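Report on the structure given below.
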Amino acid sequence: MKNFRDLKVWAKSHQLTLDVYRATRGFPKDELYGLTSQIRRSCSSIPANIAEGCGRGSDADFGRFLQIAMGSACELEYHLLLACELELLSVDVHESLDYQVIEVKRMLTALLQKLRTRPI
823 MKNFRDLKVW AKSHQLTLDV YRATRGFPKD ELYGLTSQIR RSCSSIPANI
873 AEGCGRGSDA DFGRFLQIAM GSACELEYHL LLACELELLS VDVHESLDYQ
923 VIEVKRMLTA LLQKLRTRPI
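Taken in order, the sequence shown gives residues 823 to 942; the numbers are from this note's numbering.
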């Protein structure tokens, strides 16, 4: 069992989640159960799946949860783009959050590659 708090990708995705929650505070109330909820759910799913994967017993299980986290990161990337194009997020805020998402995706990719090349 690994401690998820020791992983840099978990720390980055946790910070991204905090930033996303702050950025979506100002969304219209009629989006609370729509785009706001979707963005927050996909974002918080990233560090949550990393944490859950760390609690699993094998590298294969851990890798599966990292893949789920990657899917959530891709979903978040789209939702942020949509929010920007709907003018719910400023271009500057979108660029900042998008940069963080891309960085998390790169880190997840690197960790997945490391798991795949680890000797058995």
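By construction, the Cβ of each residue, glycine as well, lies at the ideal position given by its N, Cα and C atoms. All of these numbers come straight from a predicted model, not from anything done at the bench.
Identify the continuous alpha helix (DSSP H) that holds residue i and give its terminal residues.
i      : result
Tyr900 : Asp881 to Glu907
Leu838 : Lys830 to Thr846
Assuming contact is defined by CB atoms lying nearer than 8 Å, are residue i and residue j in contact in what I supplied?
i      : j      : result
Val923 : Leu838 : yes
Leu857 : Leu911 : no
Ile872 : Phe887 : yes
Leu829 : Gly885 : no
Val842 : Ile861 : yes
Leu898 : Ala845 : no
Val926 : Ala895 : yes
Please state the DSSP three-state secondary structure of residue i.
i      : result
Lys936 : helix
Ser859 : helix
Lys927 : helix
Ala918 : Note on residue identity: the sequence assigns Ser, not Ala, to residue 918. Ser918 falls in the helix class under three-state DSSP.
Asn825 : coil
Pro850 : coil
Ser867 : helix
Gly877 : coil
Should the stretch 825-835 be regarded as contacting the stretch 925-934, the criterion being three or more beta carbon pairs within less than 8 Å? Output reads yes: the stretch 925-934 touches the stretch 825-835.
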